[in-house]
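Notes follow once the structure below has been shown.
Numbering (the UniProt record's numbering), first residue to last: 1 to 145.
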């Protein structure tokens, strides 16, 4: 990858959207925040603020395939929501397979003192978004050579 990259990784769930960003070099994804979903307009307003602050040029969205790699209802819902977001935010989107990212995020967070999977669901969502974005960044780096 050449030039500056500014992407947001999104882990879209029914209740929350985990959000991650990357450094300008596109090497490292980090969890940023979690948006509690109240309504589409509210979600968009919160994302617009992050997009403006970070000068985002692309959204990377986790698609929840089934463990067997199949496209289920949740993946369809996520795609429909993502398409609406892309249209309103006027940003391109790319999808990444998000299977097991929440489990991986929870495993990583369990090493932190005071972490509780039941209490810290928002933290898990933001970390899952970072894993999704990191996978995309790594894939971009490998395929750009």
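Using N, Cα and C, we set each Cβ at its ideal position, and we do this for glycine too.
Scanning 55, 76, 58, 57 for the CA closest to the CA of residue 64 turns up 76. The three-state reading of DSSP puts residue 19 in strand, counting E and B together. Between the C-alpha atoms of residue 20 and residue 144 there is a straight-line separation of about 22 Å. Listed in chain order, the non-local C-beta contacts of residue 79 below 8 Å within the same chain comprise 63, 95, local neighbours out to five positions each way being set aside.
The way I'd put it, the region 4-11 does touch the region 19-39; three or more beta-carbon pairs between them come closer than 8 Å. For residue 67 against residue 99, the beta-carbon gap comes to about 6 Å, under 8 Å, which counts as contact. For residue 107, the closest of 92, 128, 88, 97 by C-alpha to C-alpha distance is 128. The shortest CA-to-CA distance from residue 88 to any of 41, 25, 139, 54 is the one to 41.
Within the DSSP secondary-structure output, residue 89 pairs in no beta bridge.
Residue 52 is classed as exposed because its beta carbon has fewer than 16 other beta carbons within 10 Å across all chains shown. Ranked by Cα distance from residue 56, the first of 22, 97, 43, 140 is 22. Between residue 54 and residue 37, the beta carbon gap of about 20 Å keeps them out of contact (Cβ cut-off 8 Å).
A Cβ-Cβ distance of about 12 Å is found for the pair residue 58 and residue 82, leaving them out of contact under the 8 Å criterion. Per DSSP, reduced to three states, the secondary structure at residue 33 is strand. Secondary structure at residue 137: helix, using DSSP grouped into helix, strand and coil.
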